[in-house]
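> Just add 2 to wherever you are in the sequence shown, counting from 1, and you've got our numbering. We treat Cβ as the ideally placed atom computed from N, Cα and C, and that holds for glycine. Just so it is clear, the structure is predicted and the values come from calculations on it, not from any experiment.
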Amino acid sequence: MNAHFLQTPIEYLKGVGPNRADLLKKELGIYTFQDLMHLFPNRYLDRTKYYKIKQLQPTQAEVQLVGKIIHLKTVEQKRGKRLVATFVDATGKMELVWFRGHKWIRERIKINEPYVIFGKTIVFNGTFSMAHPEMESLKDHEKSLRSAMQPIYPSTEKLSNSGITNKVIGTLLENLFLESRNTFAETLSKTLLENFKLLPKNEALLNIHFPKNQELLARAQYRLKFEELFFIQLQLIRKNLIHKTKIKGYVFPKVGTYFNTFFKEHLPFQLTKAQKRVIKEIRHDLGQTSQMNRLLQGDVGSGKTIVAFMSMLIALDNGFQACLMAPTEILSVQHYNNLFELCKKLNISISLLTGSTKTSNRKEIHENLENGSLQILIGTHALLEDKVKFKNLGLAIVDEQHRFGVAQRSKLWHKNEWPPNVLIMTATPIPRTLAMSVYGDLDVSVIDELPPGRKDIKTVHRFDANRLKVFRFLKDEIAKGRQVYIVYPLIQESEALDYKDLMDGYESIVREFPMPKYQVSIVHGQMKPADKDYEMDRFVKGETQIMVATTVIEVGVNVPNASVMVIESAERFGLSQLHQLRGRVGRGAEQSYCILMTSHKLSDDARTRLETMVSTNDGFEISEVDLKLRGPGDLMGTQQSGVLNLQIADIIKDSQILKIARAAAVQTLKKDPSLSLPENKLIKLAFQQLVKYKNIWNYIS
Ligand code: ADP
Ligand code: MG
């Protein structure tokens with residue numbers, strides 16, 4: 003059957019009139035035959051098993067029994083009536099109950115005839131009772147070809163209220179299979195089917211909807227998941243390949259004086275193995291004619307900045323300019339201050355451009371950028387303004403921290419004849435499986451090692467009732483010359499309340515830590531930027547010992563002398579946020595601490611988050627837990643959640659299949675980049691169909 007058939011509007015299917023078509027579209031997004039074919043069951047009820055009444059347990063899922071109805075009666079109750087049947091088998095007696103449709107049932111039920119019933123039982127008045135059972139005469143049951151594993155389809159209240167029950171969906175699918183005579187075109191190559199022992203498409207589709215047995219069902223699921231992931235990976239990898247052949251970038255063939263001098267004479271510490279490896283990967287990319295498009299992942303404090311700087315030096319060595327964009331002013335300033343010191347030693351010109359750069363200074367920067375005398379520009383989104391024109395921008399680095407502002411990448415591209423090479427840095431470790439799916443078209447480097455001598459941050463969970471003890475601990479640390487962060491949640495919906503919490507907290511801190519012995523800074527989102535900077539600056543300089551803040555400090559500040567992070571109402575923070583916040587300490591040589599304060603009321607998820615934080619410092623491990631708790635869509639933010647709307651596969655549960663499918667896609671394209679070999683004809687055809695009918699995920703970039 004050709005693909006055209008599958009694109010037939012759903013109203014043309016037997017059993018679907020205009021009303022049903024309307025509902026199917028609105029409620030389940032089913033517009034075509036194919037959409038229905040791809041409505042995969044959420045789960046299956048095992049109807050291979052028959053229970054005896056004696057075997058029933060008080061708490062049990064749906065069960066299937068064979069027996070006879072020996073008696074039928076109507077029972078009056080407060081509101082309405084119920085119809086009660088006495089159902090028996092050789093082992094005992096139970097009740098079947100109906101609250102609706104009495105007439106219909108009375109007319110049809112045959113007393114003393116064997117029936118197969120199916121449903122959920124409860125214990126009512128000491129007897130097992132099944133409400134609104136599915137039933138079928140034993141004769142019909144034995145004749146029916148319907149499979150023993152009964153699929154349960156996704157549904158909505160509106161659908162079931164309008165009579166489109168699970169059974170109806172099943173019937174529609176039966177009609178669809180009859181009309182198509184189950185001749186769906188194969189979409190994978192023979193090689194793939196053989197190598198991975200996959201069921202043919204026909205059999206897979208048939209068994210996903212009408213499984214003959216457990217084993218065939220499992221194989222059908224495997225085949226369809228594999229296929230779904232395979233085509234997504236195929237698309238991503240192809241995109242990456244096309245990118246590499248089509249999008250030319252500036253080539254930096256040499257590593258010159260800047261890089262070498264810095265490496266030999268000014269490197270402030272020895273690079274970690276991971277840093278060296280990543281720099282090598284970047285150097286390799288920069289030596290190619292295609293544009294670099296690389297994601298650099300590294301936990302907070304793993305030392306991404308130096309990698310960024312050394313990459314910039316390669317650009318400069320080849321006569322190009324470089325820029326580094328950060329998400330906030332504070333972070334831009336910090337990057338600027340750090341790199342300024344390093345640039346001074348190498349005689350490199352560097353400037354900072356943010357929203358608050360003065361007009362005269364701004365003009366000078368614009369000029370020097372255009373005439374090429376300015377080599378490195380650091381800043382916020384101000385770098386993206388049209389007025390900012392580089393003479394020859396060769397490398398753009400984006401420090402995204404944990405934001406996934408992938409959209410901004412493309413904007414940096416239009417500044418020159420060719421797009422600059424792009425390096426995106428992120429501090430939120432993304433589980434590899436997810437990275438494969440979401441960033442599959444980027445090359446990824448990972449710094450998976452912290453600089454030596456870093457002590458693990460000690461993390462503890464304390465209840466609010468122990469606050470005085472915590473304060474005493476803070477005083478001890480401050481007495482040793484350390485500094486302390488105290489962070490309050492600020493969550494949009496309850497902003498006013500949160501703000502009050504923050505101010506109350508601040509007041510109690512000031513009371514507990516009185517001047518002049520103690521100095522307390524406060525920073526929150528409602529302050530003027532100048533005031534924020536002033537307070538921040540005092541803390542950075544060590545003039546204040548305590549920084550009370552909302553999550554604004556989450557992004558990037560570096561105060562090595564700060565050794566304690568207290569997180570108030572920690573149960574309200576997400577895992578990645580907690581991990582980011584904790585990363586603000588542990589940057590110096592001293593033992594650092596993170597104290598998670600909560601009330602006694604904790605949800606199960608909150609408890610898991612706290613336990614995870616206490617038990618590990620490893621960002622990748624934390625991101626795995628986060629992924630399990632929140633699901634991929636939530637983890638990546640709404641922006642990318644659509645991306646992960648898979649029809650049958652599950653990024654988390656099927657990560658193993660994902661790996662295999664990706665490897666298969668890589669293999670296939672390696673051998674046949676344009677999919678033009680005869681053996682890949684089916685793959686190419688299916689791929690074109692997916693793209694044409696937009697059934698494949700559309701990756702933003
Ligand atoms: P992040 O990856 O979070 O941006 P940074 O680049 O800010 O991390 O580095 C964190 C701290 O670690 C900085 O103070 C930096 O100077 C230091 N650092 C980075 N690499 C090393 C290293 N190889 N050895 C020792 N210290 C390092
Ligand atoms: Mg950083």
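To the nearest angstrom, how far is it from the Cα of residue 578 to the Cα of residue 594?
19 Å
> Between the C-alpha atoms of residue 422 and residue 63, what's the straight-line distance to the nearest angstrom?
59 Å
> Got a sec? Which residues, its chain only, sit under 8 Å from residue 283 by beta carbon, not counting five neighbours each side?
296, 445 and 447
> Using 8 Å for Cβ pairs, my map puts residue 600 next to residue 627. What's the rounded Cβ distance?
Rounded, the Cβ-Cβ distance is 18 Å, inconsistent with contact.
> What is the C-beta distance between residue 379 and residue 355, in whole angstroms, given that I count them as a contact (C-beta under 8 Å)?
6 Å
> What span of residues does the beta strand (DSSP E) with residue 423 cover, start to end?
That run of the beta strand (DSSP E) goes 423-428.
> Give me the Cα-Cα distance between residue 87 and residue 164, rounded to the nearest whole angstrom.
27 Å
> Using a 10 Å radius around the Cβ and a threshold of 16 neighbouring Cβ atoms, would you call residue 180 buried or exposed?
exposed
> Kindly confirm or deny that the segment 97-108 and the segment 66-85 touch, where touching means at least three C-beta pairs closer than 8 Å.
yes
> In whole angstroms, what separates the C-alpha of residue 395 from that of residue 374?
9 Å
> Given the structure, does residue 277 come close to ligand 1, in the sense that its CB is under 7 Å from one of the ligand's heavy atoms?
yes
> Could you check what DSSP says for residue 380 in three-state terms: helix, strand or coil?
strand
> At a cut-off of 7 Å, is residue 274 close to ligand 1 when judged by its beta-carbon and the heavy atoms of the ligand?
yes
> Report back the beta-carbon spacing between residue 194 and residue 200 to the nearest angstrom; my notes put them in contact at under 8 Å.
7 Å
> Look at the alpha carbon of residue 175 and the alpha carbon of residue 210, and state the distance between them as a whole number of angstroms.
Looking at the two C-alpha atoms, the distance is approximately 11 Å.
> Does the Cβ of residue 382 lie closer than 7 Å to at least one heavy atom of ligand 2?
no
> Rounded to whole angstroms, how far is the Cβ of residue 160 from the Cβ of residue 29, which I believe are closer than 8 Å?
6 Å
> Nearest-angstrom Cα distance between residue 70 and residue 104?
18 Å
> Please report the Cβ distance between residue 612 and residue 569, rounded to the nearest whole angstrom; I am assuming they are in contact, meaning their Cβ atoms lie under 8 Å.
Their Cβ separation, rounded to whole angstroms, is 10 Å, which puts residue 612 and residue 569 out of contact at 8 Å.
> Output the residue ranges of the beta strand (DSSP E) runs that lie fully inside the segment 338-365 and measure 3 residues or longer, sorted by chain position.
352-355
> Considering only the alpha carbon of each residue, which of 515, 544, 115 and 58 lies closest to residue 564?
544
> Take residue 20 and list the residues in its own chain whose beta-carbon comes closer than 8 Å to its own, dropping the five residues that flank it on each side.
13
> Report the start-end ranges of each beta strand (DSSP E) in the segment 503-540 that is 3 residues or longer and not cut off at the edges.
The qualifying runs are 522-525.
> Among 525, 617 and 166, whose alpha-carbon lies nearest the alpha-carbon of residue 534?
525
> Report yes if the C-beta of residue 307 is less than 7 Å from at least one heavy atom of ligand 2; otherwise report no.
yes
> If we ignore side chains and look at the alpha-carbon of each, how far apart do residue 126 and residue 133 end up?
11 Å
> Which of the three DSSP states is assigned to residue 66 in this structure?
strand
> Just to check, is the beta-carbon of residue 401 closer than 7 Å to a non-hydrogen atom of ligand 2?
yes
> Pick from 687, 694 and 693: whose alpha carbon is nearest that of residue 191?
687
> Are the Cβ atoms of residue 196 and residue 650 separated by less than 8 Å?
No, Cβ-Cβ distance for residue 196 and residue 650 is not below 8 Å.
> For ligand 1, is there a heavy atom less than 7 Å away from the beta-carbon of residue 625?
For residue 625, the CB stays at least 7 Å from every heavy atom of ligand 1.
> What three-state label does DSSP hand residue 117 in the structure shown?
strand
> With burial defined as no fewer than 16 other Cβ atoms inside 10 Å of the residue's Cβ, what is the status of residue 487: buried or exposed?
By the 10 Å Cβ count, residue 487 comes out buried.
> What span of residues does the alpha helix (DSSP H) with residue 177 cover, start to end?
168-182
> Would you mind working out which of 460, 213 and 23 sits nearest residue 566, comparing C-alpha positions?
460
> Taking 7 Å as the cut-off, is the CB of residue 302 close to at least one heavy atom of ligand 1?
Answer for residue 302: yes, Cβ within range of ligand 1.
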